[in-house]
Amino acid sequence: MSINPKLKRIARRYPALFQYESPYMARKLIIFGNGLGMALDPAHFSLDRALEEIWHRPNFLKDIHKQLIERCLQRQGPPEGEHELDTLHQAVTYCKALAQIGEGNVHWLTEDGLRKVRTSP
276 MSINPKLKRI ARRYPALFQY ESPYMARKLI IFGNGLGMAL DPAHFSLDRA
326 LEEIWHRPNF LKDIHKQLIE RCLQRQGPPE GEHELDTLHQ AVTYCKALAQ
376 IGEGNVHWLT EDGLRKVRTS P
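Take any residue in the sequence shown, count from 1 to its spot, add 275: that is its number in my numbering.
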């Protein structure tokens with residue numbers, strides 16, 4: 276059986292993916308993109324685990340930010356999954372839109388809210 280030259284180049288570049296040669300397994304499955312990390316180590320690349328770790332990391336999130344996140348999610352604790360991250364992203368996006376409406380001393384957001392929106396990426 277002939278191996279595709281592109282696959283040979285990948286095998287030379289990433290030898291860890293091709294550690295175990297077997298005459299019974301002439302084909303390899305290579306996963307690219309978001310699935311690669313999960314295929315290599317699902318526990319390490321778990322989104323829920325990462326969110327939990329960041330939530331409890333000392334001096335990373337201030338208590339006020341945790342409170343805002345919890346208020347947005349309407350429950351205690353870190354976000355769980357992409358659907359809750361999407362909810363938080365929408366809240367930030369809406370706040371940025373509200374911050375751009377109008378000029379002068381009257382705003383939809385508090386001064387603290389305006390400051391957070393201006394400093395967020």
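The beta-carbon is built from N, C-alpha and C at its ideal position, and this holds for glycine as well.
Length of the line joining the Cα atoms of residue i and residue j
| i | j | result |
| --- | --- | --- |
| Trp330 | Pro353 | 6 Å |
| Gln351 | Ile376 | 31 Å |
| Asn380 | Tyr369 | 20 Å |
| Leu268 | Ala325 | No answer is possible for residue 268: it lies beyond the span of the chain, which begins at 276 and ends at 396. |
| Ala286 | Glu345 | 46 Å |
| Arg390 | Leu311 | 38 Å |
| Leu336 | His382 | 26 Å |
Member of the options whose CA lies at the smallest distance from the CA of residue i
| i | options | result |
| --- | --- | --- |
| Leu399 | Phe335, Lys371, Trp383 and Cys347 | With the chain running from 276 to 396 in the structure shown, residue 399 is simply not present. |
| Val392 | Gly379, Glu378, Val367 and Leu336 | Val367 |
| Glu357 | His340, Glu327, Glu345 and Asp323 | Asp323 |
| Gln349 | Pro317, Asp387, Leu363 and Pro280 | Leu363 |
| Ile339 | Arg288, Lys283, Gly388 and Pro280 | Gly388 |
The alpha helix (DSSP H) enclosing residue i, as first and last residue numbers
| i | result |
| --- | --- |
| Tyr369 | Glu357 to Ala374 |
| Arg346 | Asp338 to Leu348 |
| Asp316 | Looking at the DSSP string, Asp316 is not in any alpha helix (DSSP H), and its letter there is neither H nor E. |
8 Å contact criterion, which residue i and residue j should meet: CB distance rounded
| i | j | result |
| --- | --- | --- |
| Ala372 | Leu384 | Actually they do not touch by this definition, with Cβ atoms about 10 Å apart. |
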